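Q: Dropping a structure here in structure tokens format, bear with me for questions.
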Amino acid sequence: MLVEKNASLQPYNTFGIVARAETLVRVRSHADIAALRADPVLGQAPVFVLGGGSNVVLTGDVKPVVLKVEIRGRRLVEETEHAWIVEAGAGEPWHDTVAWTLAQGWPGLENLALIPGTVGAAPVQNIGAYGVELQDRFDSLDAVDLATGQGFTLDAAQCAFGYRDSVFKHAPAQAGEAGRLPRGMGLAGRALITQVRFRLPKPWKPELGYVELERRAAEAGVAQPTAQQIFDWVCAIRRAKLPDPAVLGNAGSFFKNPTVTPEQCADIIARDPKIVHYALPDGRIKLAAGWLIDACGWKGKTVGQAAVYEKQALVLVNRGRGESSVTGGEVMTLAKAIQTSVYERFGIRLEPEPVVV
Ligand code: EPU
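So the sequence shown is numbered by this note's numbering: it starts at 197 and just counts up by one.
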């Protein structure tokens, strides 16, 4: 177990926000978790589990012990007639893992290429892009209950996946809250994910449901693209639209796409006929948050070093560098101003996607 005091978190959050951890512990194995729990001070302290730091806004120095998950390892667990089951350590970089599965001849994760972050963070957020969500390729995961030290395995149902949501984003149910939360729900700050297993179905089928992928396939004159082609197209689309965190700090989409009733949508269409919207299977309508923010004129606007990305209004970026980087306060001030203006114009409350610490 490697313990660092007063550690800079700037390299460990993709926004590049300047913040420090009073204590940072690198977790590379189950033995590290056991050592952490056995430590008389660290074992009792509140903790914050950090993956790739690609979905977090740090609003100040972090007092809870920061557990930086660096568990590595990738392997094929099983190949059946219907699927490849592939396992990866929670600390493996997500994109490298996608590329590795393809290189091994196990397709299925290609639509999720180039998403920043780690394997362990993928189920927390139920990452999704270009017609595929993690839950569509998920088998199970292993985690450790930090309160008891017990290891456990969860299947997809137990992870309670939703749109950019899972059991890992909700606080553990308190005795007094039993009426509000289903019993046992909520593992935030309690579970440390160690390994994730993916179920990559056979025979592989291309997922071209997203309009830009369909367009690329048509342009290339390919009816049945390979997984590698989809991977390449997804990388190209992302590079064209989304800032590379290594160049311009950001945390991906800053807000979730909101859903409304058909009546609410009709009301908005009457005023703004161009609004981008999609019908969901449950009858509700999903609105493109990026369009709503764009329509309110936010592209390029700034608060201090926080800015709305010029090419995608749903992404907030860090225009500063090094010590002059954006602060979490600037990001949240900009985010709140955007929420207010979207609410005033459309009556819709945008919900932030990243975890605010
Ligand atoms: N739009 C605008 N102006 C903008 C931004 C978007 O008019 O400034 C319009 C676009 O023209 C498009 C629509 O809004 O018609 C949707 O935009 P886009 O296709 O870029 O997708 P998104 O809904 O903004 C979501 C995910 C992304 C994911 C893409 C592709 C969320 C919150 N975001 O973005 O995920 O990559 O779809 O599947 O669901 C992330 O979660 O961090 C993320 C990047």
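Think of the CB as a built atom: it goes at the ideal place given N, C-alpha and C, for glycine as much as any other residue.
The model shown is predicted, which means the values in this text are computed figures rather than measured ones.
So Pro397 is in the beta strand (DSSP E); what residue range does that whole segment cover?
A: Note, Pro397: beta strand (DSSP E), 387-397.
Q: Using CA coordinates, which residue listed in Thr276, Asp335, Gly287, Leu310 is at the minimum distance from Cys431?
A: The shortest C-alpha separation from Cys431 is found at Leu310.
Q: Asp351: which of Ala369, Gln331, Pro368 sits nearest, CA to CA?
A: Answer by Cα proximity: Gln331.
Q: Mark Asp341 as exposed unless 16 or more other C-beta atoms lie within 10 angstroms of its C-beta, in which case mark it buried.
A: With fewer than 16 other Cβ atoms within 10 Å, it is exposed.
Q: Could you tell me the distance, in whole angstroms, from the CA atom of Thr222 to the CA atom of Ala423?
A: Sequence check: residue 222 is Arg here, not Thr. Between Arg222 and Ala423, the C-alpha separation is close to 35 angstroms.
Q: With a CB to CB cut of under 6 angstroms and the five nearest residues on each side skipped, what residues in its chain are close to Leu377?
A: In this prediction, Leu377 has a pLDDT of 39, which is less than 50 and means its spatial position is unreliable; what the coordinates show is noted afterwards. Closer than 6 angstroms at Cβ, skipping near neighbours: Ala369.
Q: So, for Trp487: in the same chain, excluding its five sequence neighbours on each side, which residues have a beta-carbon less than 7 angstroms away from its beta-carbon?
A: Hits under 7 angstroms: Ile471, Val472.
Q: For the beta strand (DSSP E) containing Lys259, name the first residue and the last one.
A: From DSSP, Lys259 is part of no beta strand (DSSP E); its letter is neither H nor E.
Q: Check whether the region 296-309 and the region 391-409 are in contact - that is, three or more C-beta pairs closer than 8 angstroms.
A: At 8 angstroms Cβ cutoff, the stretches touch.
Q: Are there 16 or more other CB atoms within 10 angstroms of the CB of Lys507, so buried, or fewer, so exposed?
A: So Lys507 ends up on the exposed side.
Q: Rounded to a whole number of angstroms, what is the C-alpha to C-alpha distance between Asp228 and Tyr474?
A: For Asp228 and Tyr474, the distance between alpha carbons rounds to 46 angstroms.
Q: Between the C-alpha atoms of Asp490 and Ala509, what's the straight-line distance to the nearest angstrom?
A: Cα to Cα, Asp490 sits roughly 6 angstroms from Ala509.
Q: Please look up how many angstroms separate the CB atoms of Pro421 and Ala413, rounded, as I've assumed it's under 8 angstroms.
A: With a Cβ gap of about 5 angstroms, Pro421 and Ala413 count as contacting.
Q: Quick check: the Cα distance between Pro319 and Leu254, rounded to an integer number of angstroms?
A: The alpha-carbon atoms of Pro319 and Leu254 are separated by roughly 21 angstroms.
Q: Quick check on Val499: does DSSP put it in helix, strand or coil?
A: Three-state result, Val499: strand.
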